[in-house]
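Residue numbers (my numbering): 7 to 135.
Think of the CB as a built atom: it goes at the ideal place given N, C-alpha and C, for glycine as much as any other residue.
Some notes on the structure that comes next.
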C-alpha cells in the first residue's frame with residue numbers, strides 16, 4: 007500500500023458530524039426532556055433503549071408462550087382435561103397445532119376447541135384402558 011502524501015495516510019473521520027447526531031436524535035425523538043434534545047444525554051438514552059429492546063424481544067416470546075399455555079390450560083380444565091393429556095392426544099391423533107393456535111381456538115372458537123378435546127379424550131381413553 008503506497009501513500010502518496012501524508013494527508014492520504016490520515017484516518018477518515020467517517021460521515022459528517024451533523025448526520026451522526028441526526029441519526030441519534032431520530033432514535034431519541036419520542037423521549038422526554040433533555041434525553042430528546044441534548045446529544046450527550048440522548049446517546050446514552052438511545053443505547054439504553056436499544057439494550058432494553060434486545061432483552062425485551064426474548065422476554066416477549068417467553069411471556070406470550072406462558073399466556074398461550076395458561077389459556078389452553080384454562081380451556082382444558084373447563085372441560086375436565088389436563089394440558090399434558092391434550093398434548094399427548096393431539097400428537098397421537100396426528101393433529102399438529104401449536105400453543106398459539108390452541109390458545110386462539112380456546113378463546114375465540116370454544117366449540118371447535120371442545121371438538122378437539124373430545125377427539126383427544128377418546129384417543130387417550132383407548133390408549134390407557
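- Counting the other CB atoms within 10 Å of its CB gives residue 80 a total below 16, which places it among the exposed residues.
- Closest in alpha carbon position to residue 132, among 103, 115 and 99, is 99.
- The beta carbon of residue 129 sits closer than 6 Å to those of 95, 98 and 99, all from its chain and outside the five residues before and after it, given in chain order.
- Contact annotation, residue 27 with residue 45: C-beta distance approximately 5 Å; criterion of less than 8 Å satisfied.
- Between residue 47 and residue 40, the CB-CB gap stays under 7 Å.
- Segment contact: the segment 104 to 123 against the segment 65 to 80, three or more CB-CB distances shorter than 8 Å; contact assigned.
- Apart from the 5 residues on each side of it in sequence, residue 118 sits with its Cβ closer than 7 Å to the Cβ of 111 in its chain, given in chain order.
- Listed in chain order, the beta strand (DSSP E) runs fully inside the segment 71 to 109 amount to none, counting runs of at least 3 residues.
- Per DSSP, reduced to three states, the secondary structure at residue 23 is helical.
- The criterion of a C-beta distance shorter than 7 Å is satisfied by residue 34 and residue 51.
- Residue 31 sits in a helix when the DSSP states are folded into three classes.
- Under the three-state reduction of DSSP output, residue 134 falls in the coil class, being neither helix nor strand.
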